[in-house]
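The opening position of the sequence shown corresponds to residue 7 in the numbering used here, with each subsequent residue numbered one higher.
For every residue, glycine included, the Cβ atom is placed at its ideal position computed from N, Cα and C.
Since this is a predicted model, take the numbers as computed values, not measurements.
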Amino acid sequence: MASISNPELAIQSLFPLALGQVQLRPDPLDTALQIQALHQLRGAASSNPDEGCAWTGDLNGVWQLHRQPQFAPLIQTISGHAASYLERLGFDQSRLALHIQRCWPVVSELGQVVGRHHHPNAHLSAVYYLNGDGSGRSGCLRFFPPRQPNELVPGLAVGHDGPIQPNSAATQWNAPWFDLAPRAGLLVLFPASVDHAVLENEDADDSRFSISLDLVLTAPPAPQAGATPASQPASRQASPPEYLAPHPADWQAVDW
Ligand SMILES: [Fe+2]
7 MASISNPELA IQSLFPLALG QVQLRPDPLD TALQIQALHQ LRGAASSNPD EGCAWTGDLN
67 GVWQLHRQPQ FAPLIQTISG HAASYLERLG FDQSRLALHI QRCWPVVSEL GQVVGRHHHP
127 NAHLSAVYYL NGDGSGRSGC LRFFPPRQPN ELVPGLAVGH DGPIQPNSAA TQWNAPWFDL
187 APRAGLLVLF PASVDHAVLE NEDADDSRFS ISLDLVLTAP PAPQAGATPA SQPASRQASP
247 PEYLAPHPAD WQAVDW
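Spelled out as structure tokens, the structure:
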């Protein structure tokens, strides 16, 4: 059997998950005013119905933060970075429309968490941190791998008393999660289908403030009837790409 330090063996990392990060440099006064506004929006509440869960605006009537003047410029900046993320992943932006579906604040007090979940209603998710010192003590964002293709025997890598040596670089191939520490001004972008959670806020001196966004990709708006090429019957229009929903402006609600 060859040595484990075998220099002839190369291991290539395949199918990487695209985690986008941008360190924004907001005006500290703007951030202070936004944190103050989030305090007011939360009101007397201090959690979701489960007291151990952070207060999240999407469950408490505050899910359109992007429409509030105090937050709109920040959300516009975030949207620009979301478009860059899509461009970096190879999407042809001339064939897409990008929508903010929901935008809501999250406020986590000492001891609070957000359980493991994903956002099946959306395609791209984003989190922006208004505070945090990069230490992780206010509660890391934990990402879970969609599956563990290198585990070889299911459970072997993360189960009790497994054979994989801890504290070595090799653990990356079977890491059960990745923790990202909040830092003021940090924007994070990731596929909405990826499971994630927020760990406990262990900072007794500070609440943790973040803003979440759900974004959706659709086809661009269909051309108006008058824009149909002469070679095409007026009753026909260019079709959206097969896997994209038509633009919401082309939908029709059904009375029922
Ligand atoms: Fe989430």
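Residue from Pro252, Ala51, Pro197, Val260 whose Cα sits closest to the Cα of glycine 26: The count along the sequence shown starts at 1 and reaches residue 26 at position 20. Nearest option by C-alpha distance: Pro197.
Straight-line CA distance for leucine 102 to serine 174? Position 96 of the sequence shown, counted from the start, is the residue given in the question as residue 102. Position 168 of the sequence shown, counted from the start, is the residue given in the question as residue 174. So the alpha carbons of these two residues sit roughly 43 Å apart.
Could you tell me the distance, in whole angstroms, from the CA atom of histidine 124 to the CA atom of valine 200? As a working note, residue 124 is residue 118 in the sequence shown. As a working note, residue 200 is residue 194 in the sequence shown. The alpha-carbon atoms of histidine 124 and valine 200 are separated by roughly 6 Å.
Arginine 48, enclosing alpha helix (DSSP H) - first and last residue: Here the question's residue 48 lines up with position 42 in the sequence shown. From DSSP, the alpha helix (DSSP H) with arginine 48 extends over 34 to 48.
Evaluate alanine 345 with the Cβ neighbour count: other Cβ atoms within 10 Å of its Cβ, from every protein chain shown; 16 or more gives buried, anything less gives exposed. In the structure displayed, the chain extends from 7 to 262; residue 345 sits before or after that span and is not available.
Proline 172 classed as buried or exposed, judged by whether at least 16 other C-beta atoms fall within 10 angstroms: Position 166 of the sequence shown, counted from the start, is the residue given in the question as residue 172. Its Cβ having fewer than 16 others within 10 Å, proline 172 is exposed.
Alpha-carbon spacing of tryptophan 183 relative to glutamate 157, whole angstroms: Mapped onto the sequence shown, residue 183 falls at position 177. Mapped onto the sequence shown, residue 157 falls at position 151. A direct Cα-Cα distance of roughly 13 Å separates tryptophan 183 from glutamate 157.
So what's aspartate 56 in DSSP terms, helix, strand or just coil? To locate residue 56, count along the sequence shown from 1; it is residue 50. Of the three classes helix, strand and coil, the one that applies to aspartate 56 here is coil, per DSSP.
Can you tell me whether tryptophan 61 is buried or exposed? The criterion is at least 16 other CB atoms within 10 Å of its CB, across all chains shown. Numbered from its first residue, the sequence shown carries residue 61 at position 55. So tryptophan 61 ends up on the buried side.
Rank Gln29, Leu44, Arg73, Arg122 by C-alpha distance to the C-alpha of arginine 148 and give the top, closest one. Within the sequence shown, the letter at position 142 stands for residue 148. Nearest to arginine 148 by alpha-carbon distance, out of Gln29, Leu44, Arg73, Arg122, is Arg122.
In this structure, what does DSSP give as the bridge partners for tyrosine 134? Stepping through the sequence shown from its first residue, residue 134 is reached at position 128. Paired residues: Leu193, Ile217.
Name the DSSP beta bridge partners of glutamine 171, please? Residue mapping note: residue 171 aligns to position 165 of the sequence shown, counting from 1. Answer is none; glutamine 171 lacks a bridge partner.
So, at 8 Å on beta carbons, what are the nonlocal neighbours of proline 126 in its own chain, with the 5 sequence-adjacent residues on each side left out? Within the sequence shown, numbered from 1, the residue matching residue 126 stands at position 120. So the qualifying residues of the chain are Ala198, Ser199.
If you draw a straight line from the C-alpha of alanine 181 to the C-alpha of isoleucine 17, how long is it? Start at 1 with the first residue of the sequence shown, and residue 181 comes out as number 175. Start at 1 with the first residue of the sequence shown, and residue 17 comes out as number 11. So the alpha carbons of these two residues sit roughly 16 Å apart.
For proline 34, the nearest candidate out of Leu223, Pro75, Ala259, Ala190 (CA to CA): Residue 34 sits at position 28 when you count from the first residue of the sequence shown. When only C-alpha atoms are compared, the closest one is Ala190.
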